[in-house]
Each structure stands twice: as structure tokens, then as C-alpha cells.
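J.:
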């Protein structure tokens, strides 16, 4: 027996499936990007040209995922006309999608730097810092994706706090590397590649923080970009 | 006399006004960001701390514009449920909004570097390149916004071609500055600030190119991200 209620029930079921599916795709893409961060770092630190090439070619796949998720979001907006929290989910997925793709770009940059270092010879400094900051930003991204999966505002706030820590570690590492270059100018063209890699990692942290902000928007309906951590926390905890 | 037709006419008129208004806001924000690029460069090259402070405080205003445009886009999606080219306009505005905000961030970074150079003393090199590349990326942004305003695909393609030129100029400038630092290691901590500024300008070019890609999506309904210039041109010219 098919009546109007059954029909609209089917529609809303299909709608929920569409939303679940696009969220699932985003989290899958997130998992791949997480791996890219680690692989790019290993390629740089271990001077592994094969791994660097793999990271660079995997980035094409991540770009295709971005395009596909954006297409799905546009389709959901056009056909399902979501409102309230459903609309926020589509908007948050679309924005997080963009951040993930940009993290992918940074990992590709790091892989390219790994290849340049293989040509020019290894940098005499900076690998410890690269490894350390990679660990920090990878954990940030992992937690941001977890927060997205579980709609966990506290976890999102934790990511925002971690970003401050990354910025401090980055600044310290940068200062040390600049001092080192002044003492050993012949190393400049090699050390500068490690400096670029650190810069990319610091950007990865920024994007992970952005994703955490999208989670707070999704759950609380509040835009917490461009505010201090204290304001963010107040907005995220308010009802 | 108010009948059903008059009512739906009013609704569709209001809808068009909403779309026009959000597009107008985006272009206004674009104009402000354009000025920020120039002011940040002048602050750096002319060692003007007052101008640097102005750029940094103007960035707050640009951030507020981003939040406001995003709110308007979400409201249009929820209330007006746009489809086809109207939906593409909302999506393109939302994406270009994000790129403009990130250009704003880069100009703020350049202003901060200007202040650091005022503390550490001017860099002995790199200002000519900063001025030159600023001119190129500012023109790219101007043309990308023009293409958005007029739905001009040819202009959007011109922006994409210009980005290639910026990347080459950037690479050349970078190589020269690295060579200079090797010859004069005491200058490193000052030259490196100019290197960061060039990096930021190169990113501005990337974002202007992104905006041009959004224009092609808006006009042609085709996603031209992550493809070569030749493929982009083919997709943009096809019917």
C-alpha cells in the first residue's frame, strides 16, 4: 500500500541517507589526508623519493574527492532543500571539504620539498622539529575529524587550543633554523626547504582548527571564526 | 488587487534582490581586499608603521564581511531554496568569499612583516620584486572580480594564465634572494621577512585564480579546479 505518508517517509529516508553518505565521504577523505601528512613527513625525513612520488600522485585522488563531495552537496541543496541543522551539515561538509583539500595541497608541497632535498643534499638541521610538529598537527586533524563524526564540541575546542601550541613550537623552530643559517650560510638552500616544510605544517594546523570551527557551527549554529579562544569557548558552551 | 500571481511575483522579485545584494556585498568586500593588498605592500616597502597598523585593523572588518556574507548565503539557501544558476551563484559567492578572506589574512601577514622589518632594520634586497609581484596579483584579483561582476569567462581565463606568470616571477625572485643571503649571511633575518612577503603574494595570486575558477563554475556549471590551463579553456569554451 502506497499512500502520501509512505511517499514522504521514503523521501525523508532518502534524504537522511544522502546526508549520511556525504558525511561518510568527507570522513573517508579526511582519513586519506591524515595518511598523506604522515607519508609526506616520512618522505622528507627519511629522504624517500618513492614515498614522495606516491604522496604527489595520491593528491590527485584527494582533489577528485573534493570535486565529488562538492557535487553531492550541490545536488542535496538543489533537490532536497535542507533547512536548519540539515542545511548546516551541508554547509559544514562543504567548508571542511575545502580545508581538507588545502591540507592535501600542503602535503604535496612537502613531498616536492623532499624531492628537492634529495637533489641538493639533506638539510643539516630541522628534521626533529618537522617530525615533532607533524605529530602535533596530525593529532589535531584526527581530533577535528573525530569531533565532526561525533558532533563533539569539547573535542573541537581541544583542537583550537592545540593550534596555539603548534604556533609556538613553529616560531621556536623557525628562530633556531634562522640562527643556524647565519652560522652556516652554505647550508641555506637546504635548510630553507625544511623551513618551507614547517610553514606548510603550520598551515595544516590552521586548517584543522578551521574544521573544528565548522563542527561548532554545525552543532551550535554559531560562527566562531575570527574570535579569541575564550570567546569561542563561551559561544560553544552557551545554549 | 493581490492575487496568487502578484504574490509569487513579489517573492521572485525579493529573491532576485537577495541574490543581487549578496553579490554586491562580495564585490564591495573584494574592492576593500584589493586596497589592502596595495596598502600592505606600501607599508612594507616604505617602512610605514602607521599604514601597517591600519591594514591590520582593517582585516577585522573584512572578517566581519566574510561572516555576514556567509550568513546571507545560508539564509538564501534556507528560505529561497534556489536551483540551477541561482544555486550556483550562491555557491560561487560563498567560495569566493572564503578566498577573499584568505587574501585578507595574507595582507595582514605582510603588514606584520612590515612592522618586524621596522624593528630589525630594512632588508637590503627584494623590495623591487615585492612591488612588481604586488602589481601582478592585484591586477589578477581586480580582473577576477570584474569577471565575477560581468560573468565574463574570457576574463576569468586571463586570470588563470596570469597566475602562471606570477609563479615564474616568484621562483626567480626567491632564487635571487637565497643567493643574496648566502653572500651576506648577516642579512638573513631581514631578507627572510621579504621572502615571507613574496610567499604571501604568491598565495594571493592562487586565491585570485580560485575566484576565476568559481566564475567559470557559475557561468558554465563546470568545475575547472585541479585541471591544466588547456583543459580549463576547453571546458570553459564548450557549450
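Protein chains in written order, with the working numbering: chain E, 1 to 239; chain Y, 240 to 478.
Just so you know, even glycine gets a beta-carbon here, dropped at the ideal spot from N, CA and C.
Cβ closer than 9 angstroms: which chain E residues qualify as neighbours of residue 306 of chain Y?
T.: Counting from one through the second chain, the residue named residue 306 of chain Y turns up at place 67. Result: 223, 225 and 226.
J.: Counting only C-beta atoms, is residue 98 of chain E closer than 8 angstroms to chain Y at any point?
T.: Against the first chain, residue 98 of chain E aligns to sequence position 98. So, interface residue.
J.: Output the boundary residues of the alpha helix (DSSP H) element that contains residue 156 of chain E.
T.: Within the first chain, numbered from 1, the residue matching residue 156 of chain E stands at position 156. Where residue 156 of chain E is concerned, the enclosing alpha helix (DSSP H) stretches over 153 to 183.
J.: Okay, do the segment 378 to 388 of chain Y and the segment 441 to 459 of chain Y touch, 3+ Cβ pairs below 8 angstroms being the bar?
T.: yes
J.: Within 8 angstroms of any Cβ in chain Y, is that where the Cβ of residue 1 of chain E sits?
T.: For this step, residue 1 of chain E is matched to residue 1 along the first chain. Low confidence applies here, because residue 1 of chain E scores a pLDDT of 48, under 50, leaving its location unreliable; read the following figure in that light. Not one chain Y Cβ lies under 8 angstroms of residue 1 of chain E.
J.: For the alpha helix (DSSP H) containing residue 72 of chain E, list its first residue and its last residue.
T.: Counting from one through the first chain, the residue named residue 72 of chain E turns up at place 72. Its alpha helix (DSSP H) spans residues 49 to 80.
J.: Buried or exposed for residue 250 of chain Y, going by 16 or more other Cβ atoms inside 10 Å?
T.: Locating residue 250 of chain Y in the second chain gives position 11, counting from the first residue. Under this definition residue 250 of chain Y is an exposed residue.
J.: Contact criterion: CB-CB distance below 8 angstroms. Does residue 471 of chain Y meet it with respect to chain E?
T.: If you number the second chain from 1, residue 471 of chain Y lands on position 232. Judged by the 8 angstroms Cβ criterion, residue 471 of chain Y is not in contact with chain E.
J.: Taking the alpha helix (DSSP H) that residue 470 of chain Y falls in, what are its first and last residues?
T.: For the purposes of this step, residue 470 of chain Y is taken as residue 231 along the second chain, with counting starting at 1. Taken as a continuous stretch (DSSP letters only), the alpha helix (DSSP H) holding residue 470 of chain Y covers 468 to 476.
J.: Tell me which same chain residues have a C-beta within less than 7 angstroms of the C-beta of residue 265 of chain Y, skipping the five on either side of it?
T.: The residue you call residue 265 of chain Y lines up with position 26 of the second chain. For residue 265 of chain Y, the CB contacts under 7 angstroms within the same chain, skipping 5 residues up- and downstream, are 308, 332, 335 and 336 in chain order.
J.: Taking the straight line between their C-alpha atoms, what separation do you get for residue 240 of chain Y and residue 253 of chain Y?
T.: Along the second chain, read from residue 1 onward, the residue named residue 240 of chain Y stands at position 1. Along the second chain, read from residue 1 onward, the residue named residue 253 of chain Y stands at position 14. Residue confidence is low: residue 240 of chain Y scores 47 on pLDDT, short of 50, so the model does not pin down where it sits. No coordinate-derived value is stated.
J.: Give a yes or no on whether the C-beta atoms belonging to residue 216 of chain E and residue 137 of chain E are separated by under 8 angstroms.
T.: Along the first chain, read from residue 1 onward, the residue named residue 216 of chain E stands at position 216. Along the first chain, read from residue 1 onward, the residue named residue 137 of chain E stands at position 137. No.
J.: Quick check on the burial criterion: 16 or more other C-beta atoms within 10 angstroms. Buried or exposed for residue 274 of chain Y?
T.: Within the second chain, the letter at position 35 stands for residue 274 of chain Y. With fewer than 16 Cβ atoms within 10 Å of its Cβ, residue 274 of chain Y is classed as exposed.
J.: Quick check on residue 110 of chain E - is its C-beta less than 8 angstroms from some C-beta in chain Y?
T.: As a position in the first chain, residue 110 of chain E is number 110, starting the count at 1. With its beta carbon at least 8 angstroms from every one in chain Y, residue 110 of chain E lies outside the interface.
J.: Please report the residue range of the alpha helix (DSSP H) in which residue 446 of chain Y lies.
T.: For the purposes of this step, residue 446 of chain Y is taken as the residue at position 207 of the second chain. Residues 427 to 459.
J.: Taking only beta-carbon atoms, is residue 342 of chain Y less than 8 angstroms away from chain E?
T.: Here residue 342 of chain Y corresponds to residue number 103 of the second chain, with the count starting at 1. So, not an interface residue.
J.: Counting C-beta neighbours from all protein chains within 10 Å, is the total for residue 16 of chain E 16 or more, i.e. buried, or is it exposed?
T.: Here residue 16 of chain E is taken as the residue at index 16 of the first chain, counted from 1. By the neighbour-count rule (16 or more Cβ atoms within 10 Å), residue 16 of chain E is not buried but exposed.
J.: Which whole-angstrom value describes the C-beta separation of residue 110 of chain E and residue 200 of chain E, a residue pair presumed to lie in contact below a C-beta threshold of 8 angstroms?
T.: The residue given as residue 110 of chain E occupies position 110 in the first chain. The residue given as residue 200 of chain E occupies position 200 in the first chain. Between residue 200 of chain E and residue 110 of chain E the Cβ distance is about 5 angstroms, and since that is below 8 angstroms, they are a contact.
J.: When burial is assigned at 16 or more other CB atoms within 10 Å of the CB, is residue 467 of chain Y buried or exposed?
T.: By 1-based counting over the second chain, the position of residue 467 of chain Y is 228. Its Cβ having fewer than 16 others within 10 Å, residue 467 of chain Y is exposed.
J.: Can you give me, in chain order, the residues of the segment 310 to 336 of chain Y that have a beta carbon less than 9 angstroms from any beta carbon in chain E?
T.: 310, 312, 313, 316, 317, 318, 320, 321, 322, 323, 326, 327, 329, 330, 333 and 334
J.: Are the C-beta of residue 274 of chain Y and some C-beta of chain E separated by less than 8 angstroms?
T.: If you number the second chain from 1, residue 274 of chain Y lands on position 35. Judged by the 8 angstroms Cβ criterion, residue 274 of chain Y is not in contact with chain E.
J.: Give the secondary structure of residue 225 of chain E by DSSP, where H, G and I count as helix, E and B as strand, and everything else as coil.
T.: Position 225 of the first chain, counted from the first residue, corresponds to residue 225 of chain E. Three-state result, residue 225 of chain E: coil.
J.: Short of 7 angstroms Cβ to Cβ, which residues in the segment 358 to 377 of chain Y face chain E?
T.: none
J.: Just to make sure I have the definition right: I need the residues of chain C whose C-beta is within less than 9 angstroms of the C-beta of residue 168 of chain E. Which are they?
T.: The displayed structure is made up of protein chains E and Y, and chain C is not among them.
J.: Apply the 10 Å Cβ neighbour rule to residue 172 of chain E and answer buried if 16 or more other Cβ atoms are within range, or exposed otherwise.
T.: For the purposes of this step, residue 172 of chain E is taken as the residue at position 172 of the first chain. It is exposed - the Cβ of residue 172 of chain E has fewer than 16 other Cβ atoms within 10 Å.
J.: Would you kindly work out how many angstroms separate the C-alpha atoms of residue 374 of chain Y and residue 345 of chain Y, rounded to a whole number?
T.: What you label residue 374 of chain Y is simply residue 135 of the second chain in a count that begins at 1. What you label residue 345 of chain Y is simply residue 106 of the second chain in a count that begins at 1. The straight-line gap from Cα to Cα measures roughly 15 angstroms.
J.: On the three-state DSSP scale, how would you describe residue 282 of chain Y?
T.: In the second chain, counting from the first residue as 1, residue 282 of chain Y sits at position 43. Note: residue 282 of chain Y maps to helix in three-state DSSP.
J.: Count the CB pairs spanning the segment 150 to 165 of chain E and the segment 399 to 411 of chain Y that are closer than 8 angstroms, and state whether there are at least three.
T.: no
J.: Using the rule of at least 16 other Cβ atoms within 10 Å of the residue's Cβ for burial, across every protein chain shown, is residue 120 of chain E buried or exposed?
T.: In the first chain, residue 120 of chain E corresponds to position 120, counting from 1. By the neighbour-count rule (16 or more Cβ atoms within 10 Å), residue 120 of chain E is not buried but exposed.
J.: For residue 251 of chain Y, which residues in chain E fall below 9 angstroms Cβ to Cβ?
T.: As a position in the second chain, residue 251 of chain Y is number 12, starting the count at 1. Within chain E, no residue comes near residue 251 of chain Y; the closest Cβ sits about 16 angstroms away, beyond 9 angstroms.
J.: Let me see if you follow: with CB-CB separation under 8 angstroms, is residue 288 of chain Y close to chain E or not?
T.: The residue given as residue 288 of chain Y occupies position 49 in the second chain. It does not: the Cβ of residue 288 of chain Y has no partner Cβ on chain E nearer than 8 angstroms.
J.: Is the CB-CB distance between residue 435 of chain Y and residue 352 of chain Y below 8 angstroms?
T.: For the purposes of this step, residue 435 of chain Y is taken as residue 196 along the second chain, with counting starting at 1. For the purposes of this step, residue 352 of chain Y is taken as residue 113 along the second chain, with counting starting at 1. Judged by beta-carbon spacing, residue 352 of chain Y lies within the 8 angstroms limit of residue 435 of chain Y, meaning their Cβ atoms are closer than that value.
J.: Is the separation between the beta-carbon of residue 115 of chain E and that of residue 204 of chain E shorter than 8 angstroms?
T.: Along the first chain, read from residue 1 onward, the residue named residue 115 of chain E stands at position 115. Along the first chain, read from residue 1 onward, the residue named residue 204 of chain E stands at position 204. No, they are not a contact pair.
J.: Where does residue 83 of chain E land, buried or exposed, given buried means 16+ other C-beta within 10 angstroms?
T.: Here the question's residue 83 of chain E lines up with position 83 in the first chain. It is exposed - the Cβ of residue 83 of chain E has fewer than 16 other Cβ atoms within 10 Å.
J.: Measure the alpha-carbon distance for residue 65 of chain E versus residue 290 of chain Y and round it to whole angstroms.
T.: Along the first chain, read from residue 1 onward, the residue named residue 65 of chain E stands at position 65. Along the second chain, read from residue 1 onward, the residue named residue 290 of chain Y stands at position 51. Straight-line Cα distance between these residues: approximately 42 angstroms.
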